[in-house]
């Protein structure tokens with residue numbers, strides 16, 4: 001199979017565009033040198049090579065099964081999780097204090113990108129374990145931390161997040177799992193959770209569920225939700241016994257079949273014991289820490305599956321001969337490679353533009369996360385604000401556009417793309433979940449326009465526009481891309497107008513109308529910030545070309561510039577239609593009832 | 001499961017918009033009355049109810065298998081094909097002369113729509129048999145007709161079309177299957193064909209393959225392709241013997257698993273006998289008759305799967321409670337139905353706008369086919385010209401937009417949409433093939449802009465614009481929709497400008513640049529003609545509302561008008577971006593090589 005990503009491109013984004021090596025100059029990351037970051041990425045390639053890529057197709061053909069109450073996942077999963085634990089990569093980005101290696105999230109994210117591109121479902125086991133352990137490490141008591149975190153980070157135990165319930169879906173207001181205080185620091189947990197990824201497996205010694213539930217008498221709504229650690233097995237008198245976490249059923253999914261999604265029951269007979277994490281009724285705020293990390297992870301899923309689909313379909317187009325060039329009517333000549341058909345080029349550049357633009361956005365977000373850790377005071381706070389603004393976008397753009405990109409990858413292969421003989425159809429099924437996981441696209445549209453944009457008198461957007469404007473000024477100095485900088489400037493101004501238009505409706509006290517097209521606002525927002533990322537990449541490529549690069553580098557930078565132009569000529573025009581609809585006041589979706 | 005389509009809407013399009021009953025006034029269809037058309041549609045519902053809907057999911061869970069050289073398809077297929085044969089519906093639209101019932105294609109298409117919405121893969125068996133039989137009936141000798149057509153139309157034998165070869169894909173220039181003249185009116189056929197839908201099954205007494213092959217010494221390219229009838233079994237001395245058509249393998253597909261796609265070998269040991277259809281070297285022109293019929297069938301596939309997904313997700317939204325209205329922050333109130341969330345409404349109206357707009361376009365095309373049969377002279381010819389122009393569009397728009405619509409249907413169900421517990425994920429896998437079957441979207445873009453538009457000094461487009469203009473004038477008389485008529489007028493003018501711009505590039509002798517963005521031209525063209533169909537539907541609804549309709553009808557017409565507005569406010573703005581790109585001369589996909 002084609003290599004699923006391009007290390008040269010990843011290095012370009014991390015080093016030349018974002019300068020992630022500069023993080024090492026901050027005390028928080030002072031134990032690292034840029035060379036060490038390279039070694040971390042090399043190790044990800046080694047893990048992908050040994051534990052993931054060889055089993056990618058097989059995890060789909062032999063999905064997880066529920067046998068006699070235990071879920072059996074693909075046998076390769078165990079060795080992968082063990083290797084990740086032993087190499088210290090499950091919690092590598094945790095602070096030393098929390099038991100991690102204090103690695104920048106940007107580097108941890110790149111490690112994840114490389115693994116996920118090779119096999120996107122199995123990697124969820126370590127991603128979820130990371131998230132669950134991070135919750136305990138951040139908010140748990142010293143006793144909970146000592147009990148759980150080390151064994152989760154070393155890969156012996158895995159973790160999950162248990163939010164969704166049958167009757168509640170996306171609405172966490174309606175979580176109804178009960179937690180009864182048993183008076184001795186333990187709680188009896190009772191309720192059902194659905195779609196629990198990694199909810200059981202045959203190999204982990206224990207599985208640590210982070211469960212949202214309500215204490216007796218807690219307020220209704222999200223203000224009455226607490227967070228509990230509920231493990232599959234609990235220790236009693238020194239031995240491990242069942243904690244009555246039961247796998248009621250396994251969802252049969254369209255894709256991502258390597259990751260079991262479970263319907264779990266807790267304490268049906270009253271024998272499921274949990275421990276409160278942090279304070280009562282603050283569970284949702286804790287959970288949102290994990291959710292936000294997980295959201296960037298889902299955005300990565302869209303990007304790395306699309307990356308794999310792009311590189312595979314590009315290789316196919318470079319090897320498959322079919323038809324003749326449009327300018328050649330002579331059937332006596334041999335067929336040409338399909339990459340020579342303009343429409344195939346269009347489909348390949350579309351994929352490249354989406355994948356590498358989305359990567360720019362995601363690693364930009366990870367850099368902000370790192371800045372918020374290694375800087376202090378207002379500066380750190382501003383990066384945190386930017387990260388909060390961008391998280392729903394960096395989740396949604398790669399998920400939605402990744403789906404479209406993979407779809408074009410299938411199309412490059414024609415009929416073969418629809419068959420199991422090639423991995424494209426699996427990728428198309430796998431990527432479809434990303435716009436549903438961790439909050440659907442609709443939910444994130446509401447989060448962006450309804451919460452992040454209006455917060456603090458629009459501070460986040462102002463910070464973002466300032467950053468973009470600086471990059472526009474920088475780009476204007478490069479004559480080759482000046483016109484694109486000016487175009488982005490206009491588009492950012494229009495986004496500002498659309499935003500003001502929507503906020504005016506909010507100010508009129510019409511929340512339904514304000515948010516009715518928030519999914520389209522999200523689409524526009526994603527398009528503009530990825531156009532910004534492309535301008536940044538184009539600026540770097542343009543400068544590099546001016547400095548007599550090597551032949552190989554010259555080709556790379558020219559292709560970067562070409563792809564930036566493709567994004568501006570083929571993708572940015574879509575803003576015209578989105579702006580028109582978003583400024584339009586015709587109400588067609590909000591009804592009185 | 002939710003009814004997969006709305007008969008009231010189908011009747012609206014067929015009767016109120018297109019007036020298909022008026023066909024009965026032409027001598028060619030004089031044996032029919034409008035009431036009889038209703039009975040035909042009722043019979044389709046009965047077939048769907050008895051033979052298709054109950055097995056829709058099961059055909060996916062138990063796909064066709066190749067066992068000991070024979071393909072075993074879902075057991076329900078046999079009874080369905082038999083019923084279709086016995087009720088005379090396999091070749092119902094053939095002329096009496098060709099053994100059919102001379103039913104309008106519009107009615108036959110509606111029958112197919114109802115069946116396909118209930119179960120989209122099994123219906124291909126009769127669709128392909130229809131196409132193969134039509135080729136023989138149209139171009140075969142009297143002996144061939146007598147031998148094959150009756151048993152195909154009565155459902156005892158099924159048919160296929162064998163075009164694609166491993167090395168050729170979409171490029172029919174490179175078809176290399178050989179046909180050796182044996183001198184006695186028979187030919188020895190030797191070669192391999194891939195992706196042959198319905199290529200084998202366990203129940204048909206015989207399978208009749210219509211095979212493209214080259215006679216010895218035939219010219220290279222498409223001008224040297226002949227058409228042969230090659231049956232699975234042939235008669236020798238009164239008994240049926242094998243004709244050496246071998247199933248080499250069965251493709252494992254992402255969806256449409258009820259229809260086996262085969263890799264077939266003909267005459268590997270020299271014992272496959274075929275019969276020439278029509279004249280030597282004219283095979284491709286014959287095959288295109290079948291292809292064009294099949295193309296409308298594939299467009300129908302996009303539309304009827306999207307219809308099923310729409311109606312199912314709408315029902316789900318009407319039954320599933322989750323969250324509260326955006327204007328209600330009180331968690332004490334019970335959850336609301338998800339249809340009350342504006343973003344869910346947007347997803348539902350998007351689906352409805354695509355499905356019913358695509359249906360308008362498809363049945364408009366079928367009406368033109370019928371006019372080309374029942375009218376004469378220049379009038380008939382003009383409708384034939386219009387049909388040729390629209391066929392690639394009526395194939396591509398429903399295929400591409402149907403995929404997007406089904407995707408939104410999945411999204412309405414959230415996580416459940418991704419699981420096998422609901423039929424949406426199957427529909428999403430099934431519909432994906434439609435933009436590949438019978439010529440990919442890219443191929444149809446080339447056909448539209450490269451062939452149909454420039455033919456006869458642009459006559460087809462002129463005819464179409466005249467028709468559209470008449471409907472615009474009619475719509476302008478309705479004050480409620482006047483503004484939309486004016487908007488369409490502007491968009492049609494812009495489409496004309498884009499077309500002239502592209503033809504100018506063609507006139508400059510630059511075929512590659514001319515056609516580089518033909519897929520986007522197709523996207524724009526489809527958008528505008530569906531906007532036209534919506535204006536027609538809106539005009540009828542608007543007139544009907546002025547005439548004091550019943551309560552139920554009033555609701556129906558208001559929702560029609562609403563959906564028309566949705567199309568103009570949410571879909572038509574996409575033309576802005578497409579126009580911009582199509583007028584843009586920056587070349588990013590054509591490279592010298």
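Residue numbers (UniProt numbering), protein chains in the order written: chain A, 1 to 593; chain B, 1 to 593. Where is the CB? At the ideal position from N, CA and C, for every residue including glycine.
- Listed along chain A, no residue sits closer than 8 Å to residue 212 of chain B by beta-carbon distance, the nearest being about 14 Å off.
- With the rule of 3 Cβ pairs closer than 8 Å, the stretch 272 to 279 of chain A counts as touching the stretch 171 to 189 of chain A.
- Residue 424 of chain A sits in a helix when the DSSP states are folded into three classes.
- Residues of the stretch 516 to 533 of chain A that bring their beta carbon within less than 9 Å of a beta carbon in chain B comprise 516, 517, 518, 519, 520, in sequence order.
- According to the DSSP assignment, residue 235 of chain A belongs to the beta strand (DSSP E) that extends over 233 to 236.
- Note on the stretch 24 to 90 of chain B: whole alpha helix (DSSP H) runs with a minimum of 4 residues are 34 to 47, 56 to 61, 76 to 86, in chain order.
- Of all residues in the stretch 407 to 435 of chain B, only 407, 410, 411, 414, 415, 417, 418, 419, 420, 421, 425, 428, 429, 432, 433, 435 place a beta-carbon less than 8 Å from a beta-carbon of chain A.
- Annotation: residue 313 of chain A has no Cβ neighbours in chain B at a cutoff of 8 Å; minimum Cβ distance is about 13 Å.
- Taking every protein chain shown into account, the CB of residue 529 of chain B has 16 or more other CB atoms within 10 angstroms, so this residue is buried.
- In the displayed model, residue 581 of chain A falls within a helix according to three-state DSSP.
- In terms of CA proximity to residue 387 of chain A, A/365 leads the group A/365, A/502, A/471, A/174.
- Burial of residue 121 of chain B is indicated by the presence of at least 16 other C-beta atoms within 10 angstroms of its C-beta.
- Counting along the chain, the unbroken alpha helix (DSSP H) around residue 366 of chain B starts and ends at 342 to 374.
- Legend: CB atoms of the stretch 339 to 359 of chain A lying less than 7 Å from CB atoms of chain B belong to residues 340, 342, 343, 345, 346, 349.
- Residues of the stretch 570 to 586 of chain A that bring their beta carbon within less than 7 Å of a beta carbon in chain B comprise 570, 573, 574, 576, 577, 580, 581, 584, 586, in sequence order.
- Going by beta carbons, residue 108 of chain A and residue 129 of chain A fall outside the 7 Å limit.
- Residues of the stretch 488 to 502 of chain B with a Cβ closer than 8 Å to any Cβ of chain A: none.
- For residue 191 of chain B, the uninterrupted beta strand (DSSP E) segment begins and ends at 187 to 197.
- Nearest in C-alpha terms to residue 180 of chain A, of all of A/67, A/212, A/156, is A/212.
- As computed with DSSP, residue 239 of chain B is found in a beta bridge with B/236.
- Around the Cβ of residue 174 of chain B, a 10 Å sphere holds 16 or more other Cβ atoms; the residue is buried.
- The stretch 563 to 573 of chain A makes contact with the stretch 346 to 359 of chain A; the number of CB pairs closer than 8 Å reaches 3 or more.
- A buried status is given to residue 177 of chain B, since no fewer than 16 other beta-carbon atoms sit within 10 Å of its beta-carbon.
- The distance from the Cβ of residue 431 of chain A to that of residue 306 of chain A is about 7 Å, consistent with a contact at the 8 Å cut-off.
- Of all C-beta pairs linking the stretch 327 to 345 of chain A to the stretch 438 to 450 of chain A, fewer than three are shorter than 8 Å, placing the two stretches out of contact.
- Within chain B, the residues placing a beta-carbon under 9 Å from that of residue 322 of chain A are 167, 168, 169, 170, 171, 174, ordered along the chain.
- In this structure, DSSP gives residue 588 of chain B a state outside helix and strand, which the three-state scheme calls coil.
- CA-CA distance, residue 537 of chain B to residue 322 of chain B, rounds to 34 Å.
- Residue 96 of chain A counts as exposed, since fewer than 16 other beta carbons sit within 10 angstroms of its beta carbon.
- When the alpha-carbon of residue 116 of chain B is set against those of B/419, B/299, B/343, B/383, the nearest one is in B/299.
- Annotation for residue 246 of chain B: the continuous beta strand (DSSP E) segment containing it runs 245 to 250.
- Annotation: the stretch 132 to 168 of chain A contains the following complete segments of the alpha helix (DSSP H) (minimum length 4 residues), in chain order: 142 to 153.
- Excluding sequence positions up to five before and after residue 154 of chain B, its CB lies within less than 8 Å of the CB of 85, 86, 90, all in the same chain and listed in chain order.
- Distance check between residue 583 of chain B and each of B/514, B/244, B/498 places B/498 closest, using alpha-carbon atoms only.
- Taking the Cα of residue 183 of chain A as reference, the smallest distance to any Cα among A/194, A/216, A/166 is reached at A/216.
- For residue 538 of chain B, no pairing in a beta bridge is given by DSSP.
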